[in-house]
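The structure appears right after this line, and notes come after that.
Numbering (my numbering), first residue to last: 2 to 581.
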């Protein structure tokens with residue numbers, strides 16, 4: 002049923018619309034005072050929640066209690082619009098191209114018009130990310146370096162796992178990963194959980210360490226993709242991961258049979274499949290062509306190009322910067338995010354989902370998602386999103402309904418994502434891409450179809466190192482005298498003498514300042530007013546959108562070539578595998 006068909010048919014129809022994940026018309030959504038808290042219509046949990054009350058816990062730490070106390074409260078109904086979308090372009094700076102672009106199937110959202118104008122609802126024109134406008138420098142300066150270092154080196158995942166493992170319902174992350182048991186050189190978790198870490202090139206801008214955080218991402222496919230005859234089969238699992246990777250990361254303009262992708266060494270005799278199509282079963286290091294189905298016990302499961310199979314899971318931990326740590330990644334987590342694909346979507350459903358969203362936006366509806374904090378929120382493409390964030394003492398707690406809302410814009414409503422995700426399509430190809438995240442030795446390769454390295458292209462188009470042009474260190478390093486030093490940036494390109502950390506890793510002093518700035522937000526528990534790390538209040542951000550055009554058309558600075566995918570063809574890791 003189309004959401005628009007339910008408009009104007011009374012309370013019962015409105016409740017049905019909410020259950021279907023539809024938005025209410027703007028006239029209804031804004032009937033309440035815009036500045037007053039909004040209690041969202043209750044979504045219908047599919048199954049019974051864990052025990053009522055504060056939930057599992059110990060002492061004064063009950064990780065679900067805050068989210069339960071907040072319930073369905075939603076103070077910012079446009080929380081899916083991220084801080085970065087309120088940037089002042091000044092008619093020349095365009096960070097918008099990285100997210101808003103001409104997309105390719107299965108992402109059918111062509112949203113390049115968002116480079117042209119601030120296409121917000123009337124409600125969304127007011128920037129409610131108030132933390133941007135607060136000067137936290139006195140609080141930052143009050144934190145000593147040693148205090149910050151001790152903070153970021155403390156483990157706050159294991160205590161949460163101890164409390165919640167075996168306590169959560171089946172739709173939620175089950176805390177079966179022992180993070181601190183570590184990962185092998187091939188990325189597999191040493192605890193035998195089949196979670197696998199991979200190395201990837203961070204998405205441009207906010208995700209660079211110099212702008213506030215480090216992170217890691219782990220993937221796990223459903224059980225049938227990891228087995229043969231009901232028994233765990235490692236080569237089958239590796240092969241199916243390679244198929245998913247090639248499906249997501251390869252050029253979507255290529256036919257399935259024309260895809261060529263480097264893979265880790267896989268014994269074709271074990272999986273009984275000729276991956277490299279050389280006519281013999283041996284060890285393959287390159288995939289030539291995508292098969293119609295997956296392998297092993299998933300052999301009846303169709304491979305749908307550009308999409309993940311139902312049951313695919315991701316863990317994404319967002320972390321502080323440890324300036325003395327291995328790869329800068331701290332022990333302490335800022336956030337723990339869990340994504341699970343609950344259902345696969347037919348080609349027809351993809352078209353109708355995007356058509357319906359466009360219609361609802363035209364009708365002026367505000368976003369509304371199925372689910373709640375305990376079930377996770379569910380987008381219209383079948384993904385469940387759930388996350389944990391620090392409490393005032395640094396212990397991880399379940400995010401509130403509204404805090405979850407802030408995750409949904411990027412995972413539901415932009416043209417650049419690959420099946421609602423960011424990282425796996427940016428994995429280093431083949432064996433080099435399996436292992437715990439480490440930026441060292443990753444070259445600044447171009448986006449697919451681009452002539453120049455990605456970071457260089459970003460700096461050219463934005464005129465700074467982040468969406469708000471607030472990273473003064475990046476500007477000082479790469480824009481001496483206000484002019485981009487392209488030769489210095491190109492040193493990190495394939496064949497250069499440097500790599501990605503040369504461009505996107507902050508100095509020790511800045512890393513500590515960024516850590517302290519986030520510690521202030523943790524102590525305030527003010528995430529619903531913005532969780533992005535800001536040292537100084539930025540100048541290039543709108544408090545309110547009063548002029549809708551961005552001015553980028555007149556400056557001829559609208560770009561339609563942004564893509565999540567990368568061109569690794571000039572790198573040694575590609576040439577060694579794909580050339581064989």
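C-beta atoms are modelled at their ideal positions from N, C-alpha and C, and glycine is treated no differently.
If you draw a 10 Å sphere on the C-beta of residue 342, you find 16 or more other C-beta atoms in it, and that means buried. Secondary structure note for residue 373: its beta strand (DSSP E) is the uninterrupted segment 371 to 373.
Closest in alpha carbon position to residue 296, among 313, 450 and 239, is 239. Here residue 530 carries a helix assignment [DSSP, helix/strand/coil].
Beta-bridge analysis with DSSP links residue 201 to 428.
The segment 269 to 278 and the segment 453 to 466 do not touch, with fewer than 3 CB-CB distances between them shorter than 8 Å. Annotation for residue 230: 298 place their beta carbon closer than 8 Å to its own, counting only its chain and skipping 5 residues before and after. Rounded to whole angstroms, residue 100 and residue 563 show a C-alpha spacing of 7 Å. Residue range 455 to 463 is occupied by the alpha helix (DSSP H) that includes residue 458. Membership of residue 379 in the beta strand (DSSP E) is indicated by the continuous run 377 to 379. By alpha-carbon distance to residue 105, the top candidate from 462, 421 and 573 is 421. Per DSSP, the continuous beta strand (DSSP E) segment holding residue 263 begins and ends at 261 to 268.
Taking the Cα of residue 358 as reference, the smallest distance to any Cα among 416, 460, 92 and 471 is reached at 416. Remark: C-beta atoms of residue 211 and residue 507 approach each other more closely than 7 Å. A buried status is given to residue 202, since no fewer than 16 other beta-carbon atoms sit within 10 Å of its beta-carbon.
Residue pairing by DSSP places residue 476 opposite no residue, since no beta bridge is assigned to it.
Linking residue 340 to residue 399 through their CA atoms gives a straight-line distance of about 14 Å. Per DSSP, residue 87 is not a residue of any alpha helix (DSSP H), being assigned neither H nor E. In the same chain as residue 98, and ignoring 5 residues on each side of it, the C-beta atoms closer than 7 Å to its own belong to 116, 462, 560 and 563, in chain order.
For the set 441, 535 and 490, the Cα lying nearest the Cα of residue 511 is the one of 535. DSSP, reduced to helix, strand and coil, places residue 196 outside both helices and strands of the structure shown, so it counts as coil. Taking a contact as a CB-CB distance under 8 Å, the pair residue 322 and residue 331 counts as one, their CB atoms being some 6 Å apart.
Residue 561 has no beta-bridge partner at all, per DSSP. By the Cβ rule, the segment 402 to 410 does not count as touching the segment 167 to 178, because fewer than three pairs are nearer than 8 Å.
Between residue 307 and residue 107 a beta carbon distance of about 5 Å is seen, short of the 8 Å cut, so the two are scored as contacting. At least 7 Å separates the beta-carbon of residue 265 from that of residue 282. If you ignore the 5 residues before and after residue 65, its C-beta comes within less than 6 Å of the C-beta of 56 and 399, all in its own chain and listed in chain order. Under the Cβ criterion (8 Å, minimum of three pairs), the segment 285 to 292 does not count as touching the segment 205 to 220.
The beta carbon of residue 247 lies closer than 7 Å to those of 260, 262, 288 and 291 in the same chain, with the five residues before and after it left out. Residue environment: residue 255 is assigned as exposed (fewer than 16 neighbouring CB atoms within 10 Å of its CB, all protein chains considered).
Annotation: the continuous beta strand (DSSP E) that includes residue 314 extends over 314 to 322.
Ranked by Cα distance from residue 267, the options 499, 550 and 432 are led by 432.
Rounded to the nearest whole angstrom, the C-alpha separation of residue 81 and residue 386 is 13 Å. When C-alpha distances from residue 483 are compared across 444, 574, 470 and 389, the shortest belongs to 470.
The beta-bridge partner set that DSSP reports for residue 232 consists of 229. Here the alpha carbons of residue 519 and residue 138 stand approximately 11 Å from one another.
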